[in-house]
Each structure stands twice: as structure tokens, then as C-alpha cells.
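Novice: In my numbering, the protein residues as written are -5 to 687.
Every residue gets a Cβ at the ideal spot worked out from N, C-alpha and C, and that includes glycine.
1. Which of helix, strand or coil does DSSP assign to residue 4?
2. Using DSSP with H/G/I as helix, E/B as strand and the rest coil, what is residue 679?
3. What is the C-beta distance between residue 70 and residue 140, in whole angstroms, given that I count them as a contact (C-beta under 8 Å)?
4. With three or more beta-carbon pairs closer than 8 Å as the criterion, would you say the stretch 228 to 235 touches the stretch 309 to 316?
5. Going by C-alpha distance, which of 384, 453, 500, 299 is nearest residue 305?
6. So, helix, strand or coil for residue 579, using DSSP?
7. State buried or exposed for residue 479, treating a residue as buried only when at least 16 other CB atoms are found within 10 Å of its CB.
8. In terms of alpha-carbon separation, which member of 570, 553, 513 lies closest to residue 564?
9. For residue 585, which of helix, strand or coil comes out of DSSP?
10. Between which two residues does the alpha helix (DSSP H) harbouring residue 313 extend?
11. Would you kindly work out how many angstroms separate the C-alpha atoms of residue 366 and residue 341, rounded to a whole number?
12. Might you give, ordered along the chain, the residues of its own chain that have their beta carbon closer than 7 Å to the beta carbon of residue 682, omitting 5 neighbours on each side?
13. Give a yes or no on whether the C-beta atoms belonging to residue 13 and residue 27 are separated by under 8 Å.
14. Could you give the DSSP three-state label for residue 650: helix, strand or coil?
15. Going by the beta-carbon positions, is the gap between residue 11 and residue 66 smaller than 8 Å?
16. In whole angstroms, give me the CA-to-CA distance for residue 404 and residue 368.
17. Which residues in the same chain have their Cβ closer than 7 Å to the Cβ of residue 499, if we skip the five residues on either side of it in sequence?
18. Work out the CA separation of residue 560 and residue 508 for me, nearest whole Å.
19. Need the endpoints of the beta strand (DSSP E) that residue 383 sits in, please.
20. Using only CA atoms, which one of 504, 227, 580, 461 lies nearest to residue 555?
21. Within its chain, find whatever has a CB closer than 7 Å to the CB of residue 153; leave out the 5 residues flanking it on each side and keep chain order.
22. Specify whether the stretch 457 to 464 and the stretch 194 to 201 touch according to this definition: at least 3 beta carbon pairs, one from each stretch, less than 8 Å apart.
23. When you compare each of 442, 657, 111 to residue 470 by their alpha carbons, which one comes out closest?
24. For the putative contact between residue 606 and residue 221, defined by C-beta atoms under 8 Å, what is the C-beta separation to the nearest angstrom?
25. What's the gap between the Cα of residue 38 and the Cα of residue 32?
26. Going by Cα to Cα distance, which pick from 321, 600, 575, 224 is closest to residue 276?
27. Could you tell me how far apart the beta carbons of residue 415 and residue 355 are, in whole angstroms, since I believe they sit closer than 8 Å?
28. Leaving out the 5 sequence neighbours to the left and right, which residues in its chain are closer than 6 Å to residue 9 when beta-carbon positions are compared?
29. For the structure I just gave you, are there three or more beta carbon pairs, one from the stretch 372 to 392 and one from the stretch 292 to 304, closer than 8 Å?
30. By DSSP's criteria, residue 736 is part of a beta bridge. Which residues make up the other side?
31. So, helix, strand or coil for residue -4, using DSSP?
32. Can you tell me whether DSSP reads residue 52 as helix, strand or coil?
33. Starting from the C-beta of residue 529, find all residues in its chain whose C-beta is less than 8 Å away, skip the five residues before and the five after it, and write them out in chain order.
34. So what does DSSP say about residue 331, is it helix, strand or coil?
35. Whole angstroms is fine: what's the gap from residue 250's alpha carbon to residue 262's?
36. For a test of the three-state rule: what should DSSP assign to residue 602, helix, strand or coil?
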């Protein structure tokens, strides 16, 4: 049995559990967790450990770990923080290798607590122990309810797994989720995550995956410490049929970080997180309520929607209009029905009803009409719809329970996923409880439901594999970079690297002596651009002169540029006309390189109209970045002005991605701008900064 298999067995399906710090008081963590395990039908051996009792809650209690009749497969520790390390030693000597520390008062309290965590980790390393927590409220699985806080619903195989770095978030989400009809398989709270984090739990879920495993996995992260591990196991589980929805909190940056490139200055930790979620195909949300809404939609569907077409059936105009507005914001279409559909709907609805999409069936709607409407839609429009909403309140003109029952039955046989929006939370409160008891999910408000559908319809798509690029000389690039000294790669070396990587560069030459200037200018041909060589930030210090049209202007520009402090020469370059875009890369700690794309100039610096993605890039990812900027239409060409080849831009992005992936010593890289028209795009200016790797 591999280590991960053993750990997965002991955490998810233990055959014996010891509660160190068990109590007869259910208001204490050790008492509550014992009661929850005992009352939720754990069939294995359950051993309370407490030196002051011989029996707790009808179970024999043991004075210490050494007195246990056998080695517990899993131990839960609920004793004061100063005593935890001693209990860990006792468990290690007993042979227990998996421990969940419920006790708080460690790293979250300060340096002393962090030091104690380090001592626990050292002990765990010595004895090959797996530690969950500390400051952890526990685990819920179909086998045992090892959690002391919050509600304890019945776990069922094949429902939802929830992996969280926060116990309170688990409790708050669960409180709301179960009132909406959501059901769970595993609820795993990792507390301070001193050894096992969310990424490690995903590894265990991946390796223990089976046909009865959850197909929907919710994540709450306060830190992403192992992004590559998260990416690997999310991808594996997604290929096994799982869908992921996640929150990453702590997204704001205190201020702009110091960086030598535009890309480095603009890249943030949250850009890296978003790029990671996109690459992994995780649907990102930003609140507990949104997490629940998206989970409710996904739990209501047997498969992910293939398109963006919706239908609304409502008993009141206002809610239908508000949902229509939200779906429009989410780029979800409300397609027109066929004449046959309209004719059949007219036969079952009153003359005052609106038959177009949205269908307003009026407050007089009843169970029979409900059945007939969705039967018609299923028979006539199933190929034209990806989801249908049914919004009803309590009009008092018909029996709502009969309508609710009808929807419960229709949803079982209708090929179109139906999302019921039952808005009468007060007057139909008892009926809505009955809906939940029928294992049916409902939505209290149409707009959040529509927004949740938008998150799913617009979800990240699988990235695909990077392509093999032609005209890319890895050996030559390696030779150039191996000779580099210092942080800033010299301009000549930058040009050589870019050429070897397959980028087009305009005709150019560095001039260090005025006597060479006229020959170089006439060889390249006017008009020209001249740029100071030496200083890193050229534009900010007046180090660029454009539109030079003759020898006199060239001589004047050269002399002026050479007076700039630290100038070592002047780059003379053929002037390129056309659109400007910026491509960049910045290595982010643990994540790898973030690739940036955007239009140049004010679009980048002022409007921040840029897209980020994690290297390496597939063609799909490069194309998505290009199409993702708000000013994308400019790239296609507007008002008679030529645009830029989207394929050439994608090729440039993939070359940049390949370059920094092959050579992680590159800390920051800007191609600002790539300039030209259609396929004639040139790397007009490049900057490469090296770091330690």
C-alpha cells in the first residue's frame, strides 16, 4: 500500500478512531466530535482517551494512548495546545500515522504558536506522520462525522466534495447549502495547513477516485502554496469527469510592486491565481453565496451546458425582465421559438399570456399548464436550448405544492435542465422544506441564478497542449544566455535571443561612434527611429526619437541621445508603422511565468486593458488572451485602418511562452511594442532581465 493510499484510507475510511481529549460535555470540542461520530453510525472502533474517565457516552475510555487496545488508524486531538506535542509523541510511539489536530492556539496566535507548529512538523517528519490542522474543525465523510463545529448533515457518495482552508467558511457555506438542497460526500477543513493543504487533499481525492466519487468539487483557498500540484490534480480529476468551483480570498495588493518591466509592474499575485484557475478549468467565484448558487446549478444538471441558449418561463413580467437583463450581461441568448412551438403554447395558455421567450404564463398558472409547457419545450426546442428557468411566486390562484410536485417530476424526464426559481420564501416556507426533502434544489432569486449560469457557460475551457514551434533555436538561445553577466541582458544579446526564438525584428544596428552613423542610416533607409542604449527605461528619460527623415536629423538625434547619463550607444532602427501591442512575461514565485498581452500605449498603461495567462501557452490559450482584451475590435481593423493577424499574434505569444518556459532564468521580459500590420509584425523594442533560478 502506497503512502497516499494509506493516508487516504485513514482520513476518508478509517476502521478505528481515537479521540484524544474526549469529553462527556458536548459543548467541548472533544465531547462534540465524539458525539457526532457516535451518533452518525460509525461502524469501526471508537476509542475515547481521557485520564479522568473510564467511560464516556457509553463507551469505554482509556487513560492514555498507550492503553489503547490497538493502534488507531486515525487520531483526533482536542486538548489544550501546550499538550498537543506530547500527545503526538504518544501516538507516534503507538504507531498511529494520521492525525487531525482540532486544537486552536498555534500559528494563528503569533510567533510562539508558529514555533510549536514547527516542532509538530519535525516530529511528524521523524515518524512519517500525516498531520491535518491544527485549528481544524474536522472532517465529514460517508464513513464518519469527525467534525465538532457547525451542522452535521448526512454524507452521501457521489454528491459534492468541499475542500477548505477555513473552518468557519465550511460552517457558513454548509448552513446555507443544505437549506437549498445541496448534498455532500466529503467536507474537509484543513485549518492552519501546516503540512497538508488544499492541493494535497486534491492529490488524495485524485488517487482515491472511483465511480462513486463526487463529480463536483468546491474549493476555498486563502493561499496557493503548491500551484503546480493543484494544476496537476485538478486536471487529472477534470479528465475523470469532475467540475471545480473555487474561491481564492485575499486578492487585493497593498501596492504596486517594484519591477523593471511593464509586465512585472502590472502582474500581481491575483493575476497569477486567476491564470492558474483558468488553466486548470476552475470556475472562480468571489463569495460564499455565489459558490452555493453555482453549486446548485451544477447539481441540477446531468452534464455541463454545451451552449449559451436559455428559456425563461415566469408567472410575472418583472422577474422575467430582470433575469433577461442578467442573462444578456452574461452573453446568454434567449432564442426565438419555432412557429410550431408558439402554436402549441397558445393552445395551453390563456390569450393574455406572452408566448415569446420569456414565456409569461400569468399568475393563474397551474400544475397542468406547467407540465404541458415543459413537455412542449422538451419536444420542440430541446435542440435549441441549454437551460430553462421556471420562476413562480405564490399568487394564491392555484396550489403551489401541486406545481412544485409537477416540476420535481418534470425535471426527472426533461432533456432540458430546468432551474426552479421559487420566490415565496415566507408564504411557502413549509412547501419549500418539502421540496428539499424530495432531493430537489431550488433557487430563491432569479438574478443570482442567472449569474451562476453565466459563470458556468463562460467557464474556462481546457487549455490543450502547447504546439511544437518551427524556426526556434533553443541551443543558440542557451548559448547566448549562458554568457550573460548581470541582471540586464545587453541590447545586442536581446536581439540575438529574439531572432533565435523566431521573432521578426526590423532592420537595425547599434551605433557607438558618430563616424559610423551616416553609413548605418543610409543602409537601413529612412524614416528611422533612434533609441538610447544603456538606460533601462528609455521613454521616461527622453531616450527615443522617432520620424527621423534625413542625415542632419539623424546626426542631431544621435548627439542628443548620447548626452543621456549611462548612454553607451544609440540603436538605429527602421521605423515601423501600424498597430502596437505589448507582449510580456514575469516570473511569479511558485507559479512560473505570467504571460501578458494587450494593446500598447494608453491601453496598457492607463486603461490596464491586458490579459494574463500562465506559461506554457497552447494555441487556445493564446487566442483567448488576444480575444479577451476589451479593445479586441481594434486588432481586427476599424474605420479602414488595417488590423493585425490574429494567428501571427498567437504565434508570437506562444514563442514568448516557450522562451521563458525553456529558460526560467528570465525574470522579466517585455516586447513593447510588437508593431506592424496584418502578418508583418515586428518586435520593435525588447527588454530582458535575468534572475536567479
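Specialist: So, from the listed chains and residues:
1. helix
2. coil
3. 6 Å
4. In the pairwise beta carbon analysis, the stretch 228 to 235 is classified as not touching the stretch 309 to 316: fewer than three pairs are separated by under 8 Å.
5. 384
6. strand
7. exposed
8. 553
9. Note: residue 585 maps to coil in three-state DSSP.
10. Where residue 313 is concerned, the enclosing alpha helix (DSSP H) stretches over 311 to 323.
11. 10 Å
12. 483, 488, 491, 660, 663
13. The Cβ atoms of residue 13 and residue 27 sit closer than 8 Å to each other.
14. Correct three-state label for residue 650: helix.
15. yes
16. 8 Å
17. 489, 492, 493, 676, 677
18. Note on geometry: alpha-carbon atoms of residue 508 and residue 560 lie some 17 Å from one another.
19. Membership of residue 383 in the beta strand (DSSP E) is indicated by the continuous run 381 to 386.
20. 504
21. 177, 178, 179, 208
22. no
23. Closest option to residue 470, Cα to Cα, is 657.
24. In fact, because the Cβ distance is near 14 Å, the residues do not count as touching under 8 Å.
25. 10 Å
26. 224
27. With 8 Å as the limit, residue 415 and residue 355 do not qualify as a contact, their Cβ atoms being about 14 Å apart.
28. 38, 67
29. The way I'd put it, the stretch 372 to 392 does touch the stretch 292 to 304; three or more beta-carbon pairs between them come closer than 8 Å.
30. Any question about residue 736 goes unanswered here, given that the chain covers just -5 to 687.
31. In this structure, residue -4 counts as coil in the three-state DSSP scheme.
32. coil
33. Residues of the same chain with a CB within less than 8 Å of the CB of residue 529, apart from the 5 flanking positions on each side, are 535, 537, 558, 559, 560, 561 in chain order.
34. coil
35. Interpretation of residue 250 is limited by its pLDDT of 44, a score under 50 that renders its predicted location unreliable; the figure taken from the coordinates is listed afterwards. Their backbone Cα atoms lie some 8 Å apart in a straight line.
36. For residue 602, the three-state secondary structure derived from DSSP is coil.
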